[in-house]
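Asker: Right, I'll just put the structure down here and ask away after.
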Amino acid sequence: TPFAMIDKHSALPREQEILFTMHTVFRILEITQTPSNSRLWEVQLTITDESDPQLAGLTDCFKEEIE
């Protein structure tokens with residue numbers, strides 16, 4: 295799996311921490327400024343997988359540039 299719940303192993307177990315593997319890629323769904331603090335932004339993400347056609351196209355483009 296691309297992630298693990300580590301809250302039981304964390305120094306701050308109430309934080310509900312999640313550890314993602316290094317190759318995990320996310321798609322940004324929405325970015326909103328928090329109403330309670332104008333200096334904070336909330337970013338909603340969704341995890342992608344290897345079957346995502348846009349991710350595959352981007353990966354191919356990077357490979358071509360490297361070669």
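Once you know that position 11 of the sequence shown is 305 in this note's numbering, the rest is easy, because the numbers rise by one and skip nothing.
Glycine residues also receive a C-beta, built at the ideal position from the N, C-alpha and C atoms.
In the DSSP assignment, find the beta strand (DSSP E) that holds Thr326 and state where it starts and stops.
Answerer: Here the beta strand (DSSP E) through Thr326 covers Phe320 to Gln327.
Asker: Grab me the residues of Leu334's own chain with a C-beta within less than 8 Å of its C-beta, minus the 5 sequence neighbours each way, in chain order.
Answerer: Taken in chain order, the residues that qualify are Gln327 and Thr328.
Asker: Which residue marks the beginning of the beta strand (DSSP E) containing Gln338, and which one marks its end?
Answerer: Looking at the DSSP string, the run of the beta strand (DSSP E) that includes Gln338 is Trp335 to Ile341.
Asker: How far does the alpha helix (DSSP H) with Ala350 in it extend, from its first residue to its last?
Answerer: Looking at the DSSP string, the run of the alpha helix (DSSP H) that includes Ala350 is Pro347 to Ile360.
Asker: Among Glu358, Met299 and Glu344, which has the Cα closest to the Cα of Val319?
Answerer: Among Glu358, Met299 and Glu344, the Cα nearest to that of Val319 belongs to Glu344.
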